[in-house]
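Read in order, the letters of the sequence shown are residues 1 to 438 in our numbering. Quick reminder that beta carbons are idealized off the backbone N, C-alpha and C, glycines included. Note that this is a predicted model, so its numbers are computed, not measured.
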Amino acid sequence: MADREKKGLIARWLEGKERSEDYARSTLPTSRWALFWDILKGRFGKLVLVNLLMVVTLLPLAAVIVWRILALGAQGMMGPYGAGLGVGYPAIPELVGYAEMTVFQADLLFFALFIPAGAIAALGISGGGYIIRNLIWTEGIFVANDFLRGIRRNYWNVLEAVLILTVLLFIARTMGNLADWLVALGAQGAGWLIASKVIGYIFVAFSVLLFFWMISLGISYKQGPWALFRNAVVMTIGTFPQTVFFAVLATWPIFLAMFAGGFFGIIGILILLLFGVSYMLLVWLDYSQWAFDRFINPGIGVATGRGLYNKDKPKDTVGSAGAAMQDSAAMREYRRLIVAQGKSKLVCRPIKPIDDDLEVYQLPDSFSREDLAKLRESKAAIEEDTRAYEEEHKDDERYVEYNRQFEERERALREEEEGGGKKKKKKKPQPPKMLNKR
(Lines of atoms letter the chains of each structure in order from A and count residues from 1; the text may use other names and numbers.)
(Lines give C-alpha, C1' and ligand atoms only; values in the text may rest on other atoms or scores of the structure.)
Protein backbone atom coordinates (compact mmCIF):
# COMPACT_ATOMS: atom_id res chain seq x y z
CA MET A 1 0.00 0.00 0.00
CA ALA A 2 1.34 3.41 -0.92
CA ASP A 3 2.17 5.74 1.91
CA ARG A 4 -0.35 8.48 2.41
CA GLU A 5 0.76 12.00 1.78
CA LYS A 6 1.68 13.78 4.98
CA LYS A 7 -0.11 17.10 5.00
CA GLY A 8 1.03 20.24 6.73
CA LEU A 9 -0.60 21.92 9.72
CA ILE A 10 -2.28 24.63 7.66
CA ALA A 11 -3.69 22.10 5.17
CA ARG A 12 -5.08 19.95 7.97
CA TRP A 13 -6.54 23.01 9.67
CA LEU A 14 -8.21 24.23 6.47
CA GLU A 15 -9.62 20.85 5.53
CA GLY A 16 -10.71 19.82 9.00
CA LYS A 17 -10.84 16.34 10.39
CA GLU A 18 -13.87 15.44 8.23
CA ARG A 19 -11.58 15.39 5.16
CA SER A 20 -8.84 13.42 6.89
CA GLU A 21 -8.21 9.79 5.99
CA ASP A 22 -8.24 8.92 9.67
CA TYR A 23 -11.68 10.40 10.23
CA ALA A 24 -14.64 8.06 10.76
CA ARG A 25 -18.10 8.45 12.18
CA SER A 26 -17.07 6.03 14.90
CA THR A 27 -15.00 8.85 16.40
CA LEU A 28 -18.20 10.73 17.28
CA PRO A 29 -19.33 10.55 20.93
CA THR A 30 -21.06 7.30 21.77
CA SER A 31 -21.52 7.87 25.52
CA ARG A 32 -22.49 10.72 27.79
CA TRP A 33 -18.92 11.02 29.08
CA ALA A 34 -17.59 11.29 25.53
CA LEU A 35 -20.31 13.82 24.66
CA PHE A 36 -19.34 15.96 27.66
CA TRP A 37 -15.69 16.11 26.61
CA ASP A 38 -16.64 16.68 22.98
CA ILE A 39 -18.77 19.72 23.89
CA LEU A 40 -16.21 21.02 26.38
CA LYS A 41 -13.45 20.90 23.75
CA GLY A 42 -15.36 21.71 20.60
CA ARG A 43 -17.82 24.29 21.91
CA PHE A 44 -15.70 25.93 24.59
CA GLY A 45 -16.16 29.39 23.07
CA LYS A 46 -19.94 28.99 23.15
CA LEU A 47 -19.76 27.86 26.78
CA VAL A 48 -17.72 30.94 27.71
CA LEU A 49 -20.18 33.26 25.95
CA VAL A 50 -23.18 31.61 27.60
CA ASN A 51 -21.37 31.76 30.95
CA LEU A 52 -20.83 35.52 30.61
CA LEU A 53 -24.54 36.04 29.90
CA MET A 54 -25.46 34.03 32.99
CA VAL A 55 -22.87 35.81 35.16
CA VAL A 56 -24.60 39.12 34.41
CA THR A 57 -27.82 37.83 35.99
CA LEU A 58 -25.86 36.34 38.92
CA LEU A 59 -24.25 39.66 39.85
CA PRO A 60 -27.02 40.69 42.32
CA LEU A 61 -26.64 37.36 44.13
CA ALA A 62 -22.86 37.76 44.25
CA ALA A 63 -23.28 41.35 45.52
CA VAL A 64 -25.48 40.16 48.40
CA ILE A 65 -22.90 37.50 49.36
CA VAL A 66 -20.02 39.99 49.31
CA TRP A 67 -22.09 42.55 51.22
CA ARG A 68 -22.88 39.97 53.91
CA ILE A 69 -19.21 39.00 54.31
CA LEU A 70 -18.11 42.63 54.60
CA ALA A 71 -20.95 43.56 56.97
CA LEU A 72 -20.29 40.66 59.35
CA GLY A 73 -16.56 41.39 59.22
CA ALA A 74 -17.20 45.04 60.14
CA GLN A 75 -19.51 43.99 62.96
CA GLY A 76 -16.80 41.72 64.30
CA MET A 77 -14.27 44.56 64.29
CA MET A 78 -16.58 47.22 65.74
CA GLY A 79 -18.46 45.17 68.28
CA PRO A 80 -17.93 45.76 72.02
CA TYR A 81 -16.17 42.44 72.58
CA GLY A 82 -13.28 44.06 74.49
CA ALA A 83 -15.39 46.02 76.97
CA GLY A 84 -13.88 46.51 80.42
CA LEU A 85 -10.37 45.43 79.39
CA GLY A 86 -8.78 48.82 80.00
CA VAL A 87 -9.26 52.39 81.10
CA GLY A 88 -11.80 54.26 79.02
CA TYR A 89 -13.70 51.24 77.74
CA PRO A 90 -17.43 51.40 78.49
CA ALA A 91 -18.64 48.88 80.99
CA ILE A 92 -21.11 46.52 79.35
CA PRO A 93 -21.93 43.94 81.99
CA GLU A 94 -23.53 41.29 79.71
CA LEU A 95 -22.10 40.21 76.33
CA VAL A 96 -23.32 36.62 76.35
CA GLY A 97 -25.06 35.89 73.04
CA TYR A 98 -24.24 39.30 71.57
CA ALA A 99 -22.29 37.86 68.61
CA GLU A 100 -25.02 35.29 67.89
CA MET A 101 -27.68 38.01 68.05
CA THR A 102 -25.68 40.13 65.58
CA VAL A 103 -25.44 37.27 63.08
CA PHE A 104 -29.12 36.46 63.54
CA GLN A 105 -30.21 40.04 62.82
CA ALA A 106 -27.85 40.44 59.85
CA ASP A 107 -28.85 37.16 58.22
CA LEU A 108 -32.52 38.07 58.43
CA LEU A 109 -31.74 40.79 55.91
CA PHE A 110 -29.17 39.10 53.72
CA PHE A 111 -30.86 35.73 53.36
CA ALA A 112 -34.13 37.51 52.62
CA LEU A 113 -32.31 39.40 49.85
CA PHE A 114 -31.22 36.06 48.40
CA ILE A 115 -34.82 35.45 47.30
CA PRO A 116 -35.21 38.40 44.86
CA ALA A 117 -31.56 38.02 43.80
CA GLY A 118 -32.26 34.37 42.99
CA ALA A 119 -35.30 35.40 40.94
CA ILE A 120 -32.99 37.55 38.80
CA ALA A 121 -30.46 34.70 38.55
CA ALA A 122 -33.26 32.44 37.27
CA LEU A 123 -33.26 34.49 34.06
CA GLY A 124 -29.71 33.46 33.26
CA ILE A 125 -30.17 29.86 34.37
CA SER A 126 -33.25 29.38 32.20
CA GLY A 127 -31.62 30.89 29.11
CA GLY A 128 -28.21 29.27 29.58
CA GLY A 129 -29.69 25.90 30.48
CA TYR A 130 -31.77 25.90 27.30
CA ILE A 131 -28.68 26.55 25.15
CA ILE A 132 -26.62 23.87 26.89
CA ARG A 133 -29.45 21.36 26.57
CA ASN A 134 -29.50 22.05 22.82
CA LEU A 135 -25.72 21.54 22.71
CA ILE A 136 -26.20 18.16 24.38
CA TRP A 137 -28.87 17.33 21.82
CA THR A 138 -26.38 18.42 19.09
CA GLU A 139 -28.74 21.04 17.75
CA GLY A 140 -27.65 24.26 16.10
CA ILE A 141 -27.74 27.29 18.37
CA PHE A 142 -27.66 31.06 18.11
CA VAL A 143 -26.56 32.23 21.54
CA ALA A 144 -28.45 35.53 21.81
CA ASN A 145 -31.69 34.30 20.22
CA ASP A 146 -31.72 30.97 22.06
CA PHE A 147 -30.85 32.66 25.34
CA LEU A 148 -33.97 34.83 25.09
CA ARG A 149 -36.03 31.89 23.84
CA GLY A 150 -34.90 29.83 26.83
CA ILE A 151 -35.99 32.59 29.20
CA ARG A 152 -39.44 32.73 27.62
CA ARG A 153 -39.88 28.96 27.69
CA ASN A 154 -38.28 27.96 30.98
CA TYR A 155 -38.25 30.95 33.34
CA TRP A 156 -41.27 30.00 35.43
CA ASN A 157 -40.06 26.44 35.98
CA VAL A 158 -36.58 27.66 36.95
CA LEU A 159 -38.07 30.37 39.14
CA GLU A 160 -40.05 27.76 41.05
CA ALA A 161 -36.86 25.80 41.71
CA VAL A 162 -34.99 28.94 42.80
CA LEU A 163 -37.77 30.05 45.14
CA ILE A 164 -37.97 26.65 46.82
CA LEU A 165 -34.20 26.64 47.40
CA THR A 166 -33.87 30.25 48.59
CA VAL A 167 -36.95 30.17 50.85
CA LEU A 168 -35.83 26.91 52.50
CA LEU A 169 -32.34 28.36 52.89
CA PHE A 170 -33.78 31.48 54.54
CA ILE A 171 -35.89 29.44 56.96
CA ALA A 172 -33.09 27.00 57.80
CA ARG A 173 -30.55 29.78 58.33
CA THR A 174 -32.94 31.79 60.49
CA MET A 175 -33.80 28.77 62.66
CA GLY A 176 -30.12 27.80 62.89
CA ASN A 177 -29.04 31.29 63.98
CA LEU A 178 -31.90 31.39 66.47
CA ALA A 179 -30.82 28.05 67.88
CA ASP A 180 -27.23 29.30 68.26
CA TRP A 181 -28.46 32.42 70.03
CA LEU A 182 -30.67 30.50 72.46
CA VAL A 183 -27.92 27.98 73.20
CA ALA A 184 -25.50 30.84 73.93
CA LEU A 185 -28.05 32.35 76.31
CA GLY A 186 -28.31 29.04 78.12
CA ALA A 187 -31.89 28.22 77.14
CA GLN A 188 -33.28 24.83 78.08
CA GLY A 189 -33.42 22.03 75.54
CA ALA A 190 -30.13 22.87 73.88
CA GLY A 191 -29.96 19.40 72.38
CA TRP A 192 -33.30 19.85 70.62
CA LEU A 193 -32.23 23.24 69.35
CA ILE A 194 -29.06 21.81 67.85
CA ALA A 195 -31.04 18.90 66.37
CA SER A 196 -33.46 21.33 64.71
CA LYS A 197 -30.50 23.20 63.23
CA VAL A 198 -29.04 19.98 61.82
CA ILE A 199 -32.40 18.91 60.41
CA GLY A 200 -32.80 22.31 58.76
CA TYR A 201 -29.46 22.01 56.98
CA ILE A 202 -30.30 18.47 55.89
CA PHE A 203 -33.43 19.87 54.24
CA VAL A 204 -31.30 22.54 52.57
CA ALA A 205 -28.91 19.90 51.21
CA PHE A 206 -31.86 17.91 49.88
CA SER A 207 -33.35 21.07 48.36
CA VAL A 208 -30.09 21.66 46.46
CA LEU A 209 -30.45 18.24 44.80
CA LEU A 210 -34.13 18.98 44.24
CA PHE A 211 -33.16 22.33 42.70
CA PHE A 212 -30.92 20.63 40.13
CA TRP A 213 -33.58 18.12 39.13
CA MET A 214 -36.26 20.78 38.85
CA ILE A 215 -34.02 22.73 36.47
CA SER A 216 -33.31 19.76 34.20
CA LEU A 217 -36.93 18.56 34.25
CA GLY A 218 -38.28 22.06 33.71
CA ILE A 219 -36.00 22.63 30.72
CA SER A 220 -36.58 19.21 29.12
CA TYR A 221 -40.30 18.59 29.76
CA LYS A 222 -43.47 20.63 29.78
CA GLN A 223 -45.30 20.32 33.10
CA GLY A 224 -47.16 22.23 35.78
CA PRO A 225 -45.72 23.52 39.08
CA TRP A 226 -46.92 20.63 41.24
CA ALA A 227 -45.93 17.99 38.67
CA LEU A 228 -42.47 19.55 38.40
CA PHE A 229 -41.93 19.42 42.16
CA ARG A 230 -43.32 15.90 42.50
CA ASN A 231 -41.26 14.50 39.66
CA ALA A 232 -38.11 16.20 40.96
CA VAL A 233 -38.63 14.53 44.34
CA VAL A 234 -39.12 11.15 42.63
CA MET A 235 -35.95 11.55 40.54
CA THR A 236 -33.91 12.77 43.52
CA ILE A 237 -34.87 9.83 45.71
CA GLY A 238 -34.80 7.26 42.90
CA THR A 239 -31.28 8.18 41.75
CA PHE A 240 -29.89 9.44 45.06
CA PRO A 241 -26.31 8.02 44.91
CA GLN A 242 -25.72 9.12 41.32
CA THR A 243 -27.39 12.46 42.02
CA VAL A 244 -25.08 13.21 44.96
CA PHE A 245 -22.00 12.21 42.95
CA PHE A 246 -22.82 14.36 39.92
CA ALA A 247 -24.00 17.27 42.06
CA VAL A 248 -20.59 17.31 43.77
CA LEU A 249 -18.85 16.89 40.41
CA ALA A 250 -20.80 19.84 39.02
CA THR A 251 -20.46 22.27 41.95
CA TRP A 252 -16.79 21.94 42.86
CA PRO A 253 -15.96 25.37 41.34
CA ILE A 254 -18.31 27.00 43.87
CA PHE A 255 -16.63 25.26 46.81
CA LEU A 256 -13.20 26.17 45.42
CA ALA A 257 -14.16 29.86 45.13
CA MET A 258 -15.92 30.14 48.50
CA PHE A 259 -13.88 27.95 50.84
CA ALA A 260 -10.38 27.52 49.38
CA GLY A 261 -9.13 31.04 50.07
CA GLY A 262 -5.93 32.65 48.87
CA PHE A 263 -4.57 31.70 45.46
CA PHE A 264 -6.96 28.78 44.96
CA GLY A 265 -9.92 30.96 45.86
CA ILE A 266 -8.91 33.42 43.13
CA ILE A 267 -8.60 30.53 40.67
CA GLY A 268 -12.09 29.38 41.63
CA ILE A 269 -13.53 32.86 41.09
CA LEU A 270 -11.88 33.12 37.66
CA ILE A 271 -13.26 29.70 36.70
CA LEU A 272 -16.77 30.78 37.70
CA LEU A 273 -16.47 34.01 35.74
CA LEU A 274 -15.19 32.36 32.57
CA PHE A 275 -16.95 29.01 32.25
CA GLY A 276 -17.79 27.64 35.69
CA VAL A 277 -21.57 28.14 35.56
CA SER A 278 -21.76 26.68 32.04
CA TYR A 279 -19.63 23.76 33.21
CA MET A 280 -22.02 23.05 36.10
CA LEU A 281 -25.05 23.05 33.81
CA LEU A 282 -23.24 20.95 31.22
CA VAL A 283 -22.31 18.28 33.76
CA TRP A 284 -25.74 18.18 35.32
CA LEU A 285 -27.84 18.29 32.14
CA ASP A 286 -25.62 15.66 30.51
CA TYR A 287 -26.14 13.37 33.50
CA SER A 288 -29.87 14.08 33.67
CA GLN A 289 -30.22 13.19 29.97
CA TRP A 290 -28.72 9.82 30.80
CA ALA A 291 -31.26 9.41 33.59
CA PHE A 292 -34.13 10.48 31.31
CA ASP A 293 -33.03 7.95 28.67
CA ARG A 294 -32.98 5.22 31.26
CA PHE A 295 -36.07 5.94 33.35
CA ILE A 296 -38.43 8.25 31.45
CA ASN A 297 -38.07 8.31 27.68
CA PRO A 298 -38.55 4.54 27.11
CA GLY A 299 -41.93 4.68 28.83
CA ILE A 300 -43.26 7.47 26.60
CA GLY A 301 -41.89 6.22 23.30
CA VAL A 302 -39.20 8.89 22.91
CA ALA A 303 -35.99 7.75 21.25
CA THR A 304 -33.06 7.58 23.64
CA GLY A 305 -29.46 8.55 23.08
CA ARG A 306 -30.21 11.94 21.62
CA GLY A 307 -26.95 13.64 20.73
CA LEU A 308 -25.02 10.34 20.66
CA TYR A 309 -23.81 8.37 17.65
CA ASN A 310 -24.91 4.75 17.59
CA LYS A 311 -22.48 2.61 15.60
CA ASP A 312 -24.93 -0.29 15.43
CA LYS A 313 -28.49 -0.18 14.19
CA PRO A 314 -30.63 0.55 17.25
CA LYS A 315 -32.54 -2.53 18.17
CA ASP A 316 -33.93 -1.76 21.59
CA THR A 317 -33.09 1.86 22.29
CA VAL A 318 -36.41 2.66 23.92
CA GLY A 319 -37.38 -0.69 25.37
CA SER A 320 -39.82 -3.19 23.92
CA ALA A 321 -43.00 -1.38 24.90
CA GLY A 322 -41.54 2.03 24.15
CA ALA A 323 -40.22 0.92 20.76
CA ALA A 324 -43.58 -0.47 19.74
CA MET A 325 -45.26 2.72 20.88
CA GLN A 326 -42.78 4.90 19.06
CA ASP A 327 -42.84 2.85 15.84
CA SER A 328 -46.61 2.71 15.73
CA ALA A 329 -46.92 6.42 16.42
CA ALA A 330 -44.33 7.24 13.78
CA MET A 331 -45.96 4.96 11.21
CA ARG A 332 -49.40 6.39 11.92
CA GLU A 333 -48.06 9.90 11.46
CA TYR A 334 -46.28 8.87 8.26
CA ARG A 335 -49.40 7.22 6.82
CA ARG A 336 -51.55 10.17 7.85
CA LEU A 337 -49.15 12.56 6.12
CA ILE A 338 -49.08 10.47 2.94
CA VAL A 339 -52.87 10.13 2.81
CA ALA A 340 -53.40 13.83 3.55
CA GLN A 341 -51.18 14.83 0.65
CA GLY A 342 -53.01 12.50 -1.74
CA LYS A 343 -51.59 10.41 -4.53
CA SER A 344 -48.67 11.91 -6.34
CA LYS A 345 -49.66 12.51 -9.95
CA LEU A 346 -46.04 12.07 -10.91
CA VAL A 347 -45.87 8.56 -9.45
CA CYS A 348 -49.33 6.99 -9.57
CA ARG A 349 -49.67 7.04 -13.38
CA PRO A 350 -47.36 6.86 -16.41
CA ILE A 351 -46.10 10.17 -17.78
CA LYS A 352 -44.71 10.13 -21.28
CA PRO A 353 -41.14 11.41 -21.43
CA ILE A 354 -40.25 14.12 -23.93
CA ASP A 355 -38.19 12.00 -26.26
CA ASP A 356 -39.94 12.26 -29.66
CA ASP A 357 -40.49 14.81 -32.40
CA LEU A 358 -43.91 15.97 -31.29
CA GLU A 359 -43.83 19.69 -30.60
CA VAL A 360 -46.34 22.45 -30.08
CA TYR A 361 -46.73 24.49 -33.20
CA GLN A 362 -45.13 27.90 -32.75
CA LEU A 363 -47.27 30.81 -33.90
CA PRO A 364 -45.49 33.34 -36.08
CA ASP A 365 -45.51 37.03 -35.25
CA SER A 366 -48.41 37.53 -37.65
CA PHE A 367 -50.63 34.45 -37.81
CA SER A 368 -53.84 33.43 -39.53
CA ARG A 369 -56.65 30.99 -38.85
CA GLU A 370 -54.64 28.26 -40.49
CA ASP A 371 -51.85 28.82 -37.95
CA LEU A 372 -54.35 28.54 -35.07
CA ALA A 373 -55.68 25.30 -36.55
CA LYS A 374 -52.16 23.92 -36.76
CA LEU A 375 -51.63 24.89 -33.09
CA ARG A 376 -54.79 23.04 -32.03
CA GLU A 377 -53.81 20.00 -34.09
CA SER A 378 -50.32 19.88 -32.55
CA LYS A 379 -51.75 20.06 -29.02
CA ALA A 380 -54.35 17.40 -29.81
CA ALA A 381 -51.63 15.15 -31.22
CA ILE A 382 -49.53 15.52 -28.08
CA GLU A 383 -52.53 14.81 -25.82
CA GLU A 384 -53.48 11.74 -27.85
CA ASP A 385 -49.94 10.46 -27.77
CA THR A 386 -49.80 11.00 -23.98
CA ARG A 387 -53.07 9.12 -23.44
CA ALA A 388 -51.85 6.28 -25.62
CA TYR A 389 -48.61 6.07 -23.66
CA GLU A 390 -50.50 6.08 -20.34
CA GLU A 391 -52.89 3.38 -21.54
CA GLU A 392 -50.01 1.27 -22.75
CA HIS A 393 -47.99 1.46 -19.51
CA LYS A 394 -50.72 1.72 -16.86
CA ASP A 395 -50.19 -1.91 -15.83
CA ASP A 396 -46.48 -1.51 -15.27
CA GLU A 397 -45.36 -2.94 -11.95
CA ARG A 398 -44.14 0.29 -10.37
CA TYR A 399 -47.47 2.11 -10.89
CA VAL A 400 -49.54 -0.84 -9.75
CA GLU A 401 -47.37 -1.29 -6.66
CA TYR A 402 -47.53 2.39 -5.72
CA ASN A 403 -51.33 2.52 -6.03
CA ARG A 404 -51.66 -0.68 -4.06
CA GLN A 405 -49.49 0.63 -1.22
CA PHE A 406 -51.37 3.93 -1.15
CA GLU A 407 -54.72 2.13 -0.89
CA GLU A 408 -53.33 -0.04 1.90
CA ARG A 409 -52.22 3.07 3.79
CA GLU A 410 -55.65 4.60 3.41
CA ARG A 411 -57.32 1.43 4.65
CA ALA A 412 -54.87 0.95 7.54
CA LEU A 413 -55.26 4.53 8.68
CA ARG A 414 -59.04 4.29 8.49
CA GLU A 415 -59.05 1.05 10.50
CA GLU A 416 -56.72 2.54 13.14
CA GLU A 417 -58.89 5.63 13.52
CA GLU A 418 -62.02 3.51 13.82
CA GLY A 419 -60.29 1.19 16.28
CA GLY A 420 -58.94 4.15 18.23
CA GLY A 421 -62.44 5.56 18.56
CA LYS A 422 -63.65 2.29 20.03
CA LYS A 423 -60.72 2.05 22.44
CA LYS A 424 -61.42 5.50 23.80
CA LYS A 425 -64.35 4.02 25.67
CA LYS A 426 -61.92 2.06 27.83
CA LYS A 427 -59.84 3.82 30.46
CA LYS A 428 -56.18 3.55 29.60
CA PRO A 429 -53.38 4.42 31.97
CA GLN A 430 -52.06 7.90 31.24
CA PRO A 431 -48.38 8.85 31.56
CA PRO A 432 -47.45 11.47 34.16
CA LYS A 433 -47.81 15.09 33.17
CA MET A 434 -44.05 15.52 33.11
CA LEU A 435 -43.78 13.33 30.04
CA ASN A 436 -44.76 15.95 27.48
CA LYS A 437 -41.58 16.55 25.54
CA ARG A 438 -40.61 20.14 24.87
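From residue i to residue j, what distance separates their C-alpha atoms?
i           : j           : result
residue 180 : residue 253 : 29 Å
residue 110 : residue 304 : 44 Å
residue 202 : residue 192 : 15 Å
residue 97  : residue 185 : 6 Å
residue 166 : residue 190 : 27 Å
residue 38  : residue 412 : 44 Å
residue 208 : residue 124 : 18 Å
residue 296 : residue 210 : 17 Å
residue 140 : residue 127 : 15 Å
residue 482 : residue 310 : Because the chain here runs from 1 to 438, residue 482 falls outside it and cannot be looked at.
residue 60  : residue 414 : 59 Å
residue 290 : residue 217 : 12 Å
residue 266 : residue 65  : 16 Å
residue 370 : residue 362 : 12 Å
residue 149 : residue 397 : 51 Å
residue 302 : residue 63  : 43 Å
residue 387 : residue 394 : 10 Å
residue 197 : residue 264 : 30 Å
Are the CB atoms of residue i and residue j nearer to each other than 8 Å?
i           : j           : result
residue 172 : residue 200 : yes
residue 293 : residue 36  : no
residue 143 : residue 49  : yes
residue 147 : residue 131 : yes
residue 440 : residue 154 : Residue 440 lies beyond the stretch modelled for the chain, which goes from 1 to 438, so this question has no answer here.
residue 275 : residue 51  : yes
residue 69  : residue 129 : no
residue 160 : residue 241 : no
Which residues in the same chain as residue i place their Cβ atom closer than 7 Å to its Cβ, once the five residues preceding and following it in sequence are excluded?
i           : result
residue 170 : 111, 112, 114, 115
residue 182 : 193
residue 162 : 118, 119, 121, 122
residue 358 : 381, 382, 385
residue 268 : 253, 256, 257, 260
Can you name, in chain order, every residue of its own chain whose Cβ lies under 6 Å from the Cβ of residue i, other than the five neighbours on each side?
i           : result
residue 250 : 280, 283, 284
residue 239 : 291
residue 103 : 177
Leaving aside the five residues before and after residue i along the sequence, list all residues of the same chain whose C-beta is less than 8 Å from its C-beta, in chain order.
i           : result
residue 372 : 363
residue 236 : 206, 209, 210, 213, 243
residue 74  : none
Would you say residue i faces chain B, with C-beta separation under 8 Å as the test?
i           : result
residue 171 : You won't find chain B in this structure, because it holds only one protein chain.
### Query
Which runs of the alpha helix (DSSP H) fall wholly inside the segment 130 to 206 and span at least 4 residues, in chain order?
143 to 184
### Task
Starting from the N-terminal side, write out each stretch of the alpha helix (DSSP H) that is 4 residues or longer and does not extend beyond the segment 237 to 293.
240 to 259, 262 to 271
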